[in-house]
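So for the sequence shown, the numbering used here puts the first residue at 2; every next one is plus one.
Take a look at the structure set out below.
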Amino acid sequence: MRPEHCATRNHINLWNNRALPSGPERIRFWTVLRGSLLPIFLWTGIAGFVGFVHSPLAAMVLGGLFALSFIVGFGLRRKAQHTARCSVYGALGGVFDKSMAGF
């Protein structure tokens, strides 16, 4: 798969579509994060609340769940022969997108 066709609007589904470029073009990591601000704040807020109410160990478990989801998404994208860059962006965007599925 050619790199310029990998990290495009078709491969990375972000929660906030306004942050994406208008057409299929290479996007930067900051764009992925900017398009995912709501899920980032949600994950951080829930981890902080759980860590404050229960214990820091519970917040670490939640962080481990996030990391496990990211690693599985990265592995599946690499198995589908995406580039490492596309796999990182897609896995991060995918975790944020799927975590917001109920909202």
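In this text, a Cβ means the ideal position worked out from N, Cα and C, and glycines have one as well.
Bear in mind the structure is a predicted one, so any value in this text is a computation, not a measurement.
Is the beta carbon of residue j closer than 7 Å to that of residue i?
| i | j | result |
| --- | --- | --- |
| alanine 48 | leucine 63 | yes |
| serine 70 | valine 96 | yes |
| arginine 92 | glycine 74 | As written in the sequence, residue 92 is alanine, which differs from the arginine given in the question. It is a contact, given that the beta carbons lie within the stated cut-off. |
Would you call residue i buried or exposed, if buried means 16 or more other Cβ atoms sit within 10 Å of its Cβ?
| i | result |
| --- | --- |
| tryptophan 44 | buried |
| valine 54 | exposed |
| arginine 78 | buried |
| isoleucine 72 | exposed |
| glycine 76 | exposed |
Are the C-beta atoms of residue i and some chain B residue less than 7 Å apart?
| i | result |
| --- | --- |
| phenylalanine 97 | Included in the structure is just one protein chain, with no chain B present. |
Among the residues of its own chain, which have a CB less than 6 Å from the CB of residue i, if the five just before and after it don't count?
| i | result |
| --- | --- |
| proline 4 | Below a pLDDT of 50, predicted positions are generally treated as unreliable, and proline 4, at 49, falls in that range; the measurement from the model is reported next regardless. So the qualifying residues of the chain are Thr84. |
| proline 40 | Trp16, Phe97, Ser100 and Met101 |
Considering only residues of the same chain and omitting the five flanking positions on each side of residue i, which have a CB-CB separation below 8 Å?
| i | result |
| --- | --- |
| alanine 60 | Ala48, Gly49, Val51 and Gly52 |
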